[in-house]
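**Q** One structure, pasted below without further comment.
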Amino acid sequence: MTEQYITVGEIVNTQGVRGEVRVLPATDFPERFVQDKKITLFLKGQRSDYTIEKVWPHKQFIIIKFAETPDMTAAEKLKGGLLQVTPEELMPLPEGNYYIFQIVGLRVMDEKGQELGKIVQVIQTGANDVYVVKREEGKDILIPAIKSVVKKIDVPGGKMEVELPEGLL
Numbered sequence: 001m002t003e004q005y006i007t008v009g010e011i012v013n014t015q016g017v018r019g020e021v022r023v024l025p026a027t028d029f030p031e032r033f034v035q036d037k038k039i040t041l042f043l044k045g046q047r048s049d050y051t052i053e054k055v056w057p058h059k060q061f062i063i064i065k066f067a068e069t070p071d072m073t074a075a076e077k078l079k080g081g082l083l084q085v086t087p088e089e090l091m092p093l094p095e096g097n098y099y100i101f102q103i104v105g106l107r108v109m110d111e112k113g114q115e116l117g118k119i120v121q122v123i124q125t126g127a128n129d130v131y132v133v134k135r136e137e138g139k140d141i142l143i144p145a146i147k148s149v150v151k152k153i154d155v156p157g158g159k160m161e162v163e164l165p166e167g168l169l
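Just so it is clear: in the sequence shown, position 62 is 62 by the UniProt record's numbering, and no numbers are missing.
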């Protein structure tokens, strides 16, 4: 099995002339870039480890100076690269909270034990997430990610138990 990686940022440009890069964070924990000293860069089908020397925020970006990029020319070659971590390197979440990649792919079961389908997407609405469940037959189901509907999430078991509100199907 190949190791799984999660993208936590994308290098969108260079910053200055000393080899810094401008990163658009794809994480709720941008402080990870300050805490971590190494990160994996995925670029053109290859993964390489980079050493983080310096980090600071700038507008909606994070500016990172890698030991491996001494100047702007070296930094330019990293544009489009994805900063990635392994699941073991993820920031721990509070009890009962999950990363989206952990939710997508779960089988959804109703309160009677019947399989409704698989979660294929998580829509972030602002108020609460909505799980898009692909059914074998029929239209997709949109399930609100609220405690009154989602009764149990079993990530290791690959399933979620729900109690659907009347009329949702």
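Glycine included, C-beta positions come from ideal geometry on N, C-alpha and C.
Residue range of the beta strand (DSSP E) that glutamate 53 falls in?
**A** Looking at the DSSP string, the run of the beta strand (DSSP E) that includes glutamate 53 is 46 to 58.
**Q** Quick one: is aspartate 15 buried, meaning 16 or more other Cβ sit within 10 Å of its Cβ, or exposed?
**A** Looking at the sequence itself, residue 15 is glutamine, so the reference to aspartate does not match. With 16 or more Cβ atoms within 10 Å of its Cβ, glutamine 15 is classed as buried.
**Q** Going by the CB atoms, is the gap between glycine 117 and valine 108 shorter than 9 Å?
**A** For valine 108 and glycine 117, yes; Cβs fall inside 9 Å.
**Q** Identify, in the order they occur along the chain, each residue of the same chain with its Cβ nearer than 7 Å to the Cβ of phenylalanine 101, setting aside the five sequence neighbours on each side.
**A** So the qualifying residues of the chain are Ile6.
**Q** Kindly give me the distance between the Cβ atoms of arginine 47 and valine 8, rounded to whole angstroms, as I take these residues to be in contact under 8 Å.
**A** In fact, because the Cβ distance is near 14 Å, the residues do not count as touching under 8 Å.
**Q** From glutamate 10 to phenylalanine 42, what distance separates their C-alpha atoms?
**A** Distance between the alpha carbons of glutamate 10 and phenylalanine 42: 9 Å.
**Q** Would you call serine 146 buried or exposed, if buried means 16 or more other Cβ atoms sit within 10 Å of its Cβ?
**A** Per the sequence presented here, residue 146 reads as isoleucine, with serine not at that position. Classification of isoleucine 146: exposed, given that the 10 Å Cβ count is below 16.
**Q** May I have the straight-line CA-CA distance separating leucine 169 from glutamate 136, to the nearest angstrom?
**A** Distance between the alpha carbons of leucine 169 and glutamate 136: 14 Å.
**Q** Under 8 Å, with one C-beta from each stretch per pair, do the region 123 to 134 and the region 84 to 98 reach the 3-pair mark?
**A** Not touching, per the Cβ criterion.
**Q** To the nearest angstrom, report how far apart valine 150 and proline 144 are at their CA atoms.
**A** Computed Cα separation, rounded: 8 Å.
**Q** Quick check on the DSSP output: what are the complete beta strand (DSSP E) runs of length 3 or more inside the region 66 to 121, in order along the chain?
**A** Taking only runs of at least 3 residues, the beta strand (DSSP E) segments lying wholly in the region 66 to 121 are 82 to 85, 107 to 109.
**Q** Residues bridged to leucine 142 by DSSP?
**A** Val132.
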